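Visitor: My questions all concern the structure below.
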Amino acid sequence: MILKNENINIPPKSFFTGFKWNIFGSIFYEILKVGHQFLLLKILDQSSYGLMGSIFSIIYLTIYLTDLGYVNTIPTFFNIFTKNKQNFTNIFLKKYSYPQIALMLITAATTTCLYTKSFFYSIYSPYTFIIPSIIFAESIRIALRRFLHLAFKSKNLVIIESIFAALYMLAIWTPYIFLKIPMTLNLIFIPHLIDSVIVIIFMIIMIYKLYKKLPSEKNKVKNKNLLPRILKARLFNYSININKQFYTGNFLTPFFASNFGLKDAGIFNLINHVAEAIRSILKATAIFSGNALLAFFKEKTNKAKQYAFHLINKKLNIILYPFIIFTVINYKIISCLKDLQNIPPEAFATGILFLFLTMADYFFILYEQFYIIEEQSGSLFLFKLFEFILFYTIIISNNTISPFGAIFGILIIKAISFTLIAINAYVKWKIKLTFRISYIYILIYIFISMLFNIIFKFL
62 MILKNENINI PPKSFFTGFK WNIFGSIFYE ILKVGHQFLL LKILDQSSYG LMGSIFSIIY
122 LTIYLTDLGY VNTIPTFFNI FTKNKQNFTN IFLKKYSYPQ IALMLITAAT TTCLYTKSFF
182 YSIYSPYTFI IPSIIFAESI RIALRRFLHL AFKSKNLVII ESIFAALYML AIWTPYIFLK
242 IPMTLNLIFI PHLIDSVIVI IFMIIMIYKL YKKLPSEKNK VKNKNLLPRI LKARLFNYSI
302 NINKQFYTGN FLTPFFASNF GLKDAGIFNL INHVAEAIRS ILKATAIFSG NALLAFFKEK
362 TNKAKQYAFH LINKKLNIIL YPFIIFTVIN YKIISCLKDL QNIPPEAFAT GILFLFLTMA
422 DYFFILYEQF YIIEEQSGSL FLFKLFEFIL FYTIIISNNT ISPFGAIFGI LIIKAISFTL
482 IAINAYVKWK IKLTFRISYI YILIYIFISM LFNIIFKFL
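Take the position in the sequence shown, starting the count at 1, then add 61; the result is the number in the numbering used here.
See the structure below:
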């Protein structure tokens, strides 16, 4: 065993606790969100639903494109940021965070101006001030969430966010059901903004408590090249993140809306929420819990890092296999949903293919986080640049390609990119994916999937 031969420090118990709470929180939230989207699709007309999905996509696409590698670089230097109170204040806040906050404000205002002049803007759009407010609030919330997960505060964070996610749903559906208030985009977006602001307040309190516990000694960081290292890491992480956004619903939903209309975009938006649910659950392991573990082992031996990679890989398998097994056993039931929702066959096929693209992200997430933590984003950037060139050549520049053809082309491109990234990682660190999983888990997943199949046939 690696642990015995290499004397690797056992990861903190809070990693396993955080993993369990992250899985619980992500599953709870995604069930709420997907159910919420199904109800909205039934209540809103398809154009309004497509508009809502496009606005949310524009908001989050703006957040991720304006990030400039800010959030993804926090894990790499987290140990330095939290070394003592001085580092937290002078490096993390003043030099790292305050300039980003100013950029968030500017971008939020600019995006709103562009939106009001686009073809998306209509009389059904929410109040104008809501869009920049959500952009700014969610940018802060995403950054604080990543910081707290790295500090192994997942349990408290998940409890808070789960409670307010439920309250957010109640704030929307209680007025609609009991007070007979019409379902409008304002009724959807205003509670979302309030929810973000309140959760941010709780997050700030949690981080302040962490800050108070940091050592007070004023030991300066020995590495004089810290700021250049941070800027370099942010540059490459940002470039990688931009490339990834072109494969998500945040880009594809408004892309399909502008090319094929709001109705088709609305259908894709619903399927995208299911895909995002899968991606979020995977992120709970590889990004939230996984980042914390990889950061913990950052200064250890390569054998220790291999152990961390293998441990996260095992946790990801436990999450991924039920999706695959459930889909294989219940594919006929899933195919019937297109008739219940009056979804065109081609749009449904595109959505299913997009789900497979989302699950394929599993192969990338772990490798990407390992590269980032090890400050090897430059190598990853080169692979992603090659991937983007193929994407632009085959998908973006081809005006005649259908949505189905676009998603299928992306799958092929991702497969080529993954092969190159995995080979390079094995040569450099001797790490590789394993698909092993306990037979007990497989039997449980098969039983649950078959039980669902039987129950559905009797309904």
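Just so you know, even glycine gets a beta-carbon here, dropped at the ideal spot from N, CA and C.
Since we're looking at a predicted model, the values are computed, not measured.
#1: Between L93, A294 and T495, which lies nearest to T134 when the distance is taken from Cα to Cα?
#2: If you check the beta carbons only, do Y272 and K81 fall under 8 Å apart?
#3: Could you tell me if L231 is buried or exposed, where buried requires 16 or more neighbouring beta carbons within 10 angstroms of its beta carbon?
#4: Hey, I196 and A163 are a contact pair by Cβ (cut 8 Å); roughly how many whole angstroms apart?
#5: When every heavy atom of the ligand GDP is checked, does at least one fall within less than 7 Å of the C-beta of Y502?
#6: In whole angstroms, what is the alpha-carbon distance linking G470 and K103?
#7: Starting from the C-beta of Y336, find all residues in its chain whose C-beta is less than 7 Å away, skip the five residues before and the five after it, and write them out in chain order.
#8: Note down the Cα distance separating I468 from T150, rounded to an integer number of angstroms.
#9: For R207 and F225, what's the separation of their Cα atoms in angstroms?
#10: Less than 8 Å between C-beta atoms, sequence neighbours within five positions excluded: which residues of the same chain meet that for L550?
#11: If I measure Cβ to Cβ from A204 and keep anything under 6 Å in the same chain, skipping five residues before and after, which residues do I get?
#12: Buried or exposed for K59, going by 16 or more other Cβ atoms inside 10 Å?
#13: Counting along the chain, where does the alpha helix (DSSP H) carrying S215 start and finish?
#14: My assumption, with CB atoms under 8 Å, is that T495 sits in contact with N374. Please give the rounded CB distance.
#15: Can you tell me whether E435 is helix, strand or coil according to DSSP?
#16: Near L401, what residues of its chain come up, given a Cβ to Cβ distance below 7 Å and the 5 sequence neighbours on each side ignored?
#17: I184: buried (16+ other C-beta within 10 angstroms of its C-beta) or exposed?
Guide: Taking the geometry as given:
#1: For the purposes of this step, residue 134 is identified with residue 73 of the sequence shown, where counting begins at 1. Considering only alpha carbons, the answer is A294.
#2: Here the question's residue 272 lines up with position 211 in the sequence shown. Here the question's residue 81 lines up with position 20 in the sequence shown. Going by C-beta atoms, Y272 is not nearer than 8 Å to K81.
#3: Numbered from 1 along the sequence shown, position 170 holds the residue referred to as residue 231. With fewer than 16 Cβ atoms within 10 Å of its Cβ, L231 is classed as exposed.
#4: Taking the first residue of the sequence shown as position 1, residue 196 is located at position 135. Taking the first residue of the sequence shown as position 1, residue 163 is located at position 102. In this structure I196 does not touch A163 by the C-beta definition: roughly 14 Å separates them, more than the 8 Å allowed.
#5: As for the ligand GDP, it is missing from this structure, which has no ligand bound.
#6: Reading the sequence shown from its first residue, position 409 is the one you call residue 470. Reading the sequence shown from its first residue, position 42 is the one you call residue 103. If you take the alpha carbons of G470 and K103, they lie about 31 Å apart.
#7: The count along the sequence shown starts at 1 and reaches residue 336 at position 275. The sequence as given places Ala at residue 336; Tyr does not occur at that position. Excluding residues up to 5 positions away in sequence, G310, F415, L416 and T419 lie with their Cβ nearer than 7 Å to the Cβ of A336 in the same chain.
#8: Taking the sequence shown and counting its residues from 1, the one referred to as residue 468 is at position 407. Taking the sequence shown and counting its residues from 1, the one referred to as residue 150 is at position 89. Computed Cα separation, rounded: 45 Å.
#9: Along the sequence shown, read from residue 1 onward, the residue named residue 207 stands at position 146. Along the sequence shown, read from residue 1 onward, the residue named residue 225 stands at position 164. Answer to the nearest angstrom: the Cα atoms are 18 Å apart.
#10: Within the shown structure, residues of the chain are numbered from 62 to 520, placing residue 550 beyond reach of any answer.
#11: Here the question's residue 204 lines up with position 143 in the sequence shown. Cβ neighbours of A204 beyond the five flanking positions: V132.
#12: Past the edges of the chain, shown from 62 to 520, lies residue 59, and the structure says nothing about it.
#13: Mapped onto the sequence shown, residue 215 falls at position 154. Unbroken alpha helix (DSSP H) run through S215: S215 to F239.
#14: By one-based count along the sequence shown, residue 495 stands at place 434. By one-based count along the sequence shown, residue 374 stands at place 313. Their Cβ separation, rounded to whole angstroms, is 6 Å, which keeps T495 and N374 in contact under 8 Å.
#15: To locate residue 435, count along the sequence shown from 1; it is residue 374. DSSP places E435 in coil when its eight states are reduced to three.
#16: Stepping through the sequence shown from its first residue, residue 401 is reached at position 340. Model confidence at L401 stands at a pLDDT of 47, short of 50, so the residue's coordinates are unreliable; what they give is reported in the following sentence. The answer is none, since no qualifying residue turns up.
#17: Residue mapping note: residue 184 aligns to position 123 of the sequence shown, counting from 1. Looking at its Cβ environment, which holds fewer than 16 other Cβ atoms inside 10 Å, I184 is exposed.
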